[in-house]
Amino acid sequence: VSSSSNRSTTFLFSSTPMNPTPKLVRVPLSCESDTIANMSEPVKRVYDNSRRQAQVRATRAAVVAAAYELFLTRGFTATTVDAVAETSGIPPATVYRHFRSKRGILTAVLDVVVGGDDEQIDYQHRPEIRAAMTDPDPAGMLDAFARMHPGAVARSAPIQQVLSEAAAVDPDAAELLALARDQRHTGQARIARRLATCGALSEALTEADAADIIYALFSPELYRVLVIERRWQPERYGTWLSKTLRDSLLP
């Protein structure tokens with residue numbers, strides 16, 4: 051290797067017509083040469099998949115929107131995956147690839163109507179839920195959930211009704227309804243846990259009792275009775291819910 055600061059040496063195989071056996075020869079290279087630069091700083095290819103992600107999101111949104119309308123007009127049992135594919139304009143094979151089954155489609159519809167958008171975020175991790183759960187004032191926490199509930203249940207009540215009706219005759223729907231109810235109870239029980247942890251739960255209640263009360267008051271069935279059947283305004287319903295939660299749970 052040359053002792054010069056701007057020279058380097060590489061080794062290449064060399065042969066001649068008189069001596070076809072290749073041998074190593076030294077070839078001096080400048081440190082400024084492209085070969086040295088490329089060897090010391092390999093080029094990395096960056097793959098941008100944002101377009102692909104946007105296409106996937108658009109495909110799922112089209113299927114969910116079509117399924118929502120079909121479930122409401124035809125019911126869960128009468129709606130087929132092929133009908134959803136035709137209405138959405140998405141090939142059946144693509145629908146199956148993204149959702150696997152009609153039950154998978156209904157699960158996605160429920161996620162969207164409860165959350166209010168198609169963001170892939172667990173309901174409990176949404177910013178508004180986290181903000182309510184971390185409110186240092188127990189009454190303020192209950193008020194926050196009472197304010198959010200009318201909007202969430204208004205979006206989900208129609209499809210929840212479809213699911214409830216289908217559960218009577220369709221095993222998949224019955225299993226999905228039971229799972230949805232268990233998940234709702236588990237999620238809402240966190241409110242009771244929070245009250246119990248900070249010592250804000252009424253002494254007359256156990257944490258389990260409080261979880262059941264919250265589950266009942268936040269039920270889509272109660273919303274349906276008061277808002278849809280009895281025609282309470284959502285604002286009145288939210289105010290009543292907030293007061294009832296406070297009176298039922300706090301000391």
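Residue 51 is where the sequence shown starts when you use my numbering, and the numbers rise one by one after that. We put the beta carbon where it would ideally sit given N, CA and C, even for glycine. In this text, all values refer to a predicted model and were calculated from it rather than measured experimentally.
- In this structure, the straight-line span from the alpha carbon of PRO177 to that of SER214 is close to 29 Å.
- Here ILE171 is exposed: its Cβ has fewer than 16 other Cβ atoms, across all protein chains shown, within 10 Å.
- Judged by beta-carbon spacing, LEU120 lies beyond the 8 Å limit of THR127, meaning their Cβ atoms are not closer than that value.
- It is roughly 30 Å from the alpha-carbon of ALA116 to the alpha-carbon of TRP282.
- Beyond the five residues adjoining it in sequence on each side, ARG101 comes within less than 6 Å, by CB distance, of no other residue in the same chain.
- In this structure PRO301 does not touch CYS248 by the C-beta definition: roughly 12 Å separates them, more than the 8 Å allowed.
- Per DSSP, LEU255 lies in no alpha helix (DSSP H) and is assigned neither H nor E.
- Contact check for ALA217 against LEU227 passes: the beta carbons are separated by less than 8 Å.
- Nearest neighbour of GLY154 by Cα position, chosen from ASP222, SER138, ARG197, turns out to be ASP222.
- Between VAL113 and SER151, the gap from beta carbon to beta carbon reaches 8 Å or more.
- One Cα belongs to LEU272, the other to GLU279, and the distance between them is close to 10 Å.
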